[in-house]
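Residue numbers (our numbering): 865 to 932.
Notes to accompany the following structure.
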Ligand SMILES: [Zn+2]
């Protein structure tokens, strides 16, 4: 299980990226929202979409959930 976070700031394309707690691109604590612990990125992105309908997995830490 890993702890997942969503970036509260949107990317230039409007996506809110979902990260694991060990990602080098994890936003600072004031710019992220904790989603909880999940065994994979897919339920984490689903959780993020409850807050930000345009949520997407980070290409670095969640490549299986990254869509371009
Ligand atoms: Zn990441």
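Quick reminder that beta carbons are idealized off the backbone N, C-alpha and C, glycines included.
Between residue 929 and ligand 1, is there a pair consisting of the residue's CB and a ligand heavy atom that are separated by less than 8 angstroms? In the chain shown, counting from the first residue as 1, residue 929 sits at position 65. Answer for residue 929: no, Cβ out of range of ligand 1.
Could you compute how far the alpha carbon of residue 883 sits from the alpha carbon of residue 876? Position 19 of the chain shown holds residue 883. Position 12 of the chain shown holds residue 876. Those two C-alpha atoms are separated by around 17 angstroms.
Shorter than 8 angstroms, the distance from the beta carbon of residue 880 to the closest heavy atom of ligand 1, or not? Counting from 1 along the chain shown, the entry for residue 880 is found at position 16. Incorrect: residue 880 has no Cβ contact closer than 8 angstroms to ligand 1.
Give every residue whose Cβ lies closer than 7 angstroms to any heavy atom of ligand 1, listed in chain order. Taken from the N-terminal end onward, the list reads 881, 883, 884, 887, 889, 890, 922, 924, 925, 926.
Endpoints, beta strand (DSSP E) assigned at residue 897: The residue given as residue 897 occupies position 33 in the chain shown. Here the beta strand (DSSP E) through residue 897 covers 896 to 902.
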